[in-house]
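For the sequence shown, the positions run 0 to 109 when numbering that gives the first Met the number 0 is used. The beta-carbon is built from N, C-alpha and C at its ideal position, and this holds for glycine as well. For reference, the structure is listed below as structure tokens.
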Amino acid sequence: MRRRSKRNARKHKEFIQTLTFFGITIMSIMGLIGYLWVYTEIDETLVAIEVQKATLDELNNSIKELQNDIALLERVDRITETARKDLGMVFASPETISVYIEPGNLALNK
Numbered sequence: 000m001r002r003r004s005k006r007n008a009r010k011h012k013e014f015i016q017t018l019t020f021f022g023i024t025i026m027s028i029m030g031l032i033g034y035l036w037v038y039t040e041i042d043e044t045l046v047a048i049e050v051q052k053a054t055l056d057e058l059n060n061s062i063k064e065l066q067n068d069i070a071l072l073e074r075v076d077r078i079t080e081t082a083r084k085d086l087g088m089v090f091a092s093p094e095t096i097s098v099y100i101e102p103g104n105l106a107l108n109k
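Following this line, the structure appears as structure tokens:
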């Protein structure tokens with residue numbers, strides 16, 4: 000009977016060792032898969048950040064170009080040239096308006 004219990008104990012011990020080995024192996028594989036997944040996500044995030052930085056630089060350059068165009072078009076000589084050539088406008092001759100008020104008609108005298 001002792002032989003059987005020793006044999007059963009040995010089989011039970013081997014089963015536990017085998018189960019432990021497979022458990023550790025499966026956990027190691029799952030850990031490595033998790034590590035690779037996190038690494039891939041970080042890499043994809045870094046690529047997305049680089050793309051967004053490039054887009055930001057392009058948009059900033061476009062904004063600077065538009066601001067330069069606005070500054071060029073806001074100049075007075077540019078506006079007068081466009082008004083004369085494209086719109087056919089001419090400079091008005093200066094006029095002087097004189098208003099004569101009789102001294103008795105002032106609101107202060109009443």
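request  = Alpha carbon to alpha carbon, how far is residue 58 from residue 24? Give it in angstroms, no decimals.
outcome  = 51 Å
Inside the region 37 to 79 only - alpha helix (DSSP H) runs reaching at least 4 residues: none
Would a C-beta distance cut-off of 9 Å place residue 83 and residue 89 closer than the cut-off? yes
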